[in-house]
Amino acid sequence: MESVGYYILGVIVTIIVAFTVGLTYMGLNRKITARVQNRKGPPFYQNFIDAYKLASKETAIHHGFMQHAGPAFLMVASIMSVLIIPVLNDGKWFPNLNFNGDLIFLLYIMVFGPLGMALGAGQTGNPNSAIGVTRGLSQMVGFEIPWVMALVALMMQYQTTSLVDLMTVQQTTGWLMFSSPFAFLAAVLAMLGMFRYSPFDIVGAPTELASGPASENGGKYLFTMMSSGSIFAFAKLTLYVDLFMGGADNLIELLVKTFTIYLIPMLYGMVSPRYRTEQAIRYFWGWPLFFGFLALVHAMVF
Amino acid sequence: MAAVFWLSRTCTCNGILRGKRYQVKGKRKKYDIFSCFPPSGGQRGVKKQDMINDKNSQKIADFIKNWARKHSIWVLAYGTGCGAIEIPPTMTSRYDAERLGVRGAATPRQADVLLITGYLTTKTLKRVIRVYEQMQDPKYVIGFGSCTINGGMYYDSYNTIKVLDKYLPVDVYINGCMPRPEAVLAGFGKLQQLIADGKANGAKKYKEDHEYYRGNLRKIIGNKYEMPLYNW
Numbered sequence: 001m002e003s004v005g006y007y008i009l010g011v012i013v014t015i016i017v018a019f020t021v022g023l024t025y026m027g028l029n030r031k032i033t034a035r036v037q038n039r040k041g042p043p044f045y046q047n048f049i050d051a052y053k054l055a056s057k058e059t060a061i062h063h064g065f066m067q068h069a070g071p072a073f074l075m076v077a078s079i080m081s082v083l084i085i086p087v088l089n090d091g092k093w094f095p096n097l098n099f100n101g102d103l104i105f106l107l108y109i110m111v112f113g114p115l116g117m118a119l120g121a122g123q124t125g126n127p128n129s130a131i132g133v134t135r136g137l138s139q140m141v142g143f144e145i146p147w148v149m150a151l152v153a154l155m156m157q158y159q160t161t162s163l164v165d166l167m168t169v170q171q172t173t174g175w176l177m178f179s180s181p182f183a184f185l186a187a188v189l190a191m192l193g194m195f196r197y198s199p200f201d202i203v204g205a206p207t208e209l210a211s212g213p214a215s216e217n218g219g220k221y222l223f224t225m226m227s228s229g230s231i232f233a234f235a236k237l238t239l240y241v242d243l244f245m246g247g248a249d250n251l252i253e254l255l256v257k258t259f260t261i262y263l264i265p266m267l268y269g270m271v272s273p274r275y276r277t278e279q280a281i282r283y284f285w286g287w288p289l290f291f292g293f294l295a296l297v298h299a300m301v302f
Numbered sequence: 303m304a305a306v307f308w309l310s311r312t313c314t315c316n317g318i319l320r321g322k323r324y325q326v327k328g329k330r331k332k333y334d335i336f337s338c339f340p341p342s343g344g345q346r347g348v349k350k351q352d353m354i355n356d357k358n359s360q361k362i363a364d365f366i367k368n369w370a371r372k373h374s375i376w377v378l379a380y381g382t383g384c385g386a387i388e389i390p391p392t393m394t395s396r397y398d399a400e401r402l403g404v405r406g407a408a409t410p411r412q413a414d415v416l417l418i419t420g421y422l423t424t425k426t427l428k429r430v431i432r433v434y435e436q437m438q439d440p441k442y443v444i445g446f447g448s449c450t451i452n453g454g455m456y457y458d459s460y461n462t463i464k465v466l467d468k469y470l471p472v473d474v475y476i477n478g479c480m481p482r483p484e485a486v487l488a489g490f491g492k493l494q495q496l497i498a499d500g501k502a503n504g505a506k507k508y509k510e511d512h513e514y515y516r517g518n519l520r521k522i523i524g525n526k527y528e529m530p531l532y533n534w
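Line by line, the protein sequences give chains A and B. Residue numbering for the first sequence follows our numbering, beginning at 1 and increasing consecutively. Residue numbering for the second sequence follows our numbering, beginning at 303 and increasing consecutively.
Given below as structure tokens:
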């Protein structure tokens, strides 16, 4: 029983760490964006204030059951993925629920949240939500293909479907970023779409779609979406560090590596205006798909 | 149990307001805001004065909440009048309102502050009131420019409203035609002060004097167009 209690405590700590780190990264994103635009910008903890304010707002909107459940679906998907992905090497400090074949499970669970949110957004009856959902699913069709190709290439190359096995492999061969570079390129380009920063912010486009699927969600719902978004951001960044950068031995190393990865979509977004939907899909089916093919060939030949 | 009760009340209310609005026209019951939503956390039959919690712990919680609300103001700025042109310089690099936590919100559901930028025509007024009722508590209104105070240069116009405070509970007025971004920032500063002191209670006033505000609206647009409550 003692170990179960310890495990549950560990899970709660993991979620809190993911929430804090994710929200801080988003705050840093706002700060760095402001500095690039020659503004002073909000303090880096502005997102925590926003989150607290949203949580303390009253919410009296009712459109039906799925509208209440949509943000919860997002939250469930984020928490499940953060628990599956090992935070540190060798299972240190943080518990995780990984098993053989967790990479395949991750592929499913990472799409589950947005699909649940799509159902919830559909029930609000807001036309902006419907357009946002359509765009989101189209974009997902775009970036999922290079992303799956990169993962399949890794699975073929190292004959495993387990994240932990891939992390153990890297302790002998070095970072997978260098030993399978094409998979890394395809995965990083797919990540641009996964983060939905500019130029791929076609789903929540604030001035165009009135924040898309979230347009009927204020107050506590928006707080749930915001916190699940930050947890999911941490999960994704940790996944990339685990897959391609050899994982991390302690929290400081993890923060440095994840922030380096996080700079890619952030800085790419600052200099790019928003794409249209078809342009975004064409982008993902161009070079990222090509790199995905190269990764597969590389995995089969070597 | 209370949650189920609340939900069921909300649902019935929605059915009448949204779906069957046109069928039951004429003999529709009058709904005031309190009949739709019982005061939060309270039971029916309890007097309002008894529900006010003035313990010290509540005061600390209120202080923290007000501090967060003060530093995170999400503004809904529909371009209702010509004052909207002063918003871009306020938000961009020269005056940078984001450093104060002021940020644009995309929809009324997410917004805290409704910014009425300049004159309001009678046609726009209906939409603005609808937007205001869709916003979630706590919510504030800023009247922007002279037109919202006394009509400004439209003082004798036939299709603009002159005094905004008759239709919406304004928390802060920003004077000027046009008010410069400095004035806008000063207005936000004043609103922050009011929020911190707990004095920005326009939304409460709107609920209490709802008939007064609706009566004024009816005088302008006549009885042809009966507006339902949009607080669902």
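Glycine included, every Cβ here is placed at the ideal spot set by N, Cα and C.
Neighbour list for residue i in chain B, Cβ cutoff strictly below 8 Å
{"i": "A:Thr59", "result": "Gln438"}
{"i": "A:Gln67", "result": "None at all; the shortest Cβ gap to chain B is about 11 Å."}
{"i": "A:Gln139", "result": "Correct list: empty, because the minimum Cβ distance to chain B is about 19 Å."}
Simplified DSSP assignment, three categories, for residue i
{"i": "B:Phe446", "result": "strand"}
{"i": "B:Gly406", "result": "strand"}
{"i": "B:Ile476", "result": "strand"}
{"i": "B:Thr382", "result": "coil"}
{"i": "B:Ala304", "result": "Note that B:Ala304 scores a pLDDT of 43, beneath 50, so its modelled location is shaky and nothing firm can be said."}
{"i": "B:Trp376", "result": "strand"}
{"i": "B:Leu422", "result": "strand"}
{"i": "A:Ile85", "result": "coil"}
{"i": "A:Thr160", "result": "coil"}
{"i": "B:Leu470", "result": "coil"}
{"i": "A:Ala295", "result": "helix"}
{"i": "B:Val415", "result": "strand"}
{"i": "B:Ile463", "result": "strand"}
{"i": "B:Pro363", "result": "For the sequence presented, residue 363 of chain B should be read as Ala rather than Pro. Looking at B:Ala363 - three-state DSSP - the assignment turns out to be helix."}
{"i": "B:Tyr508", "result": "helix"}
{"i": "A:Trp285", "result": "coil"}
{"i": "A:Ile61", "result": "coil"}
{"i": "B:Gln438", "result": "coil"}
Chain A residues whose Cβ lies nearer than 7 Å to that of residue i
{"i": "B:Ser395", "result": "Gln37, Asn38, Arg39"}
{"i": "B:His373", "result": "Ile49"}
{"i": "B:Asp398", "result": "Arg39, Lys40"}
Test item: CB-CB of residue i and residue j under 9 Å
{"i": "B:Leu427", "j": "B:Gly383", "result": "no"}
{"i": "A:Tyr183", "j": "A:Gln157", "result": "A quick correction: the sequence has Ala, not Tyr, at residue 183 of chain A. It is a contact, given that the beta carbons lie within the stated cut-off."}
{"i": "A:Gly193", "j": "A:Met140", "result": "yes"}
{"i": "B:Val474", "j": "B:Leu487", "result": "no"}
{"i": "A:Ile32", "j": "A:Met270", "result": "yes"}
{"i": "A:Ala149", "j": "A:Phe293", "result": "According to the sequence shown, residue 149 of chain A is Met rather than Ala. Yes, the Cβ-Cβ distance between A:Met149 and A:Phe293 is below 9 Å."}
{"i": "A:Phe112", "j": "A:Val17", "result": "no"}
{"i": "B:Pro471", "j": "B:Val430", "result": "no"}
{"i": "A:Gly218", "j": "A:Lys53", "result": "no"}
{"i": "A:Phe291", "j": "A:Pro86", "result": "no"}
{"i": "A:Ser198", "j": "A:Ser272", "result": "yes"}
{"i": "A:Asn100", "j": "A:Thr172", "result": "no"}
{"i": "A:Phe44", "j": "A:Gly27", "result": "yes"}
{"i": "A:Ala248", "j": "A:Tyr25", "result": "no"}
{"i": "A:Val133", "j": "A:Pro213", "result": "yes"}
7 Å Cβ cut-off: residues of chain B touching residue i
{"i": "A:Asn217", "result": "Arg411"}
{"i": "A:Gln46", "result": "Gly403"}
{"i": "A:Leu222", "result": "Gln412"}
{"i": "A:Ala34", "result": "Glu400"}
{"i": "A:Ser56", "result": "Lys367, Ala370"}
Partner residues on chain B for residue i, Cβ-Cβ distance less than 9 Å
{"i": "A:Tyr283", "result": "Within 9 Å Cβ-Cβ: nothing; A:Tyr283 doesn't reach chain B, min ~25 Å."}
Contact belief for residue i with residue j at Cβ below 8 Å, rounded distance in angstroms
{"i": "A:Ile12", "j": "A:Glu216", "result": "Going by Cβ atoms, the distance from A:Ile12 to A:Glu216 rounds to 31 Å, so no, they are not a contact pair."}
{"i": "B:Leu416", "j": "B:Val404", "result": "Incorrect: roughly 14 Å between the Cβ atoms, too far for contact."}
{"i": "A:Ile231", "j": "A:Ser78", "result": "4 Å"}
{"i": "B:Gly445", "j": "B:Leu466", "result": "5 Å"}
Chain B within 9 Å of residue i, Cβ atoms only
{"i": "A:Tyr52", "result": "yes"}
{"i": "A:Asn128", "result": "yes"}
{"i": "A:Leu243", "result": "no"}
{"i": "A:Arg30", "result": "yes"}
{"i": "A:Thr207", "result": "yes"}
{"i": "A:Ser308", "result": "This structure does not reach residue 308 of chain A, given that chain A is present from 1 up to 302, and the question cannot be answered."}
{"i": "A:Ala72", "result": "no"}
{"i": "A:Ala214", "result": "yes"}
{"i": "A:Ala210", "result": "yes"}
Beta carbon proximity, residue i to chain A, threshold 9 Å
{"i": "B:Phe339", "result": "In this prediction, B:Phe339 has a pLDDT of 47, which is less than 50 and means its spatial position is unreliable; what the coordinates show is noted afterwards. For B:Phe339, the answer is yes, since a Cβ of chain A falls inside 9 Å of its Cβ."}
{"i": "B:Lys501", "result": "no"}
{"i": "B:Ala408", "result": "yes"}
C-beta neighbour in chain E for residue i, strict 9 Å
{"i": "A:Ala235", "result": "Included in the structure are the protein chains A and B, with no chain E among them."}
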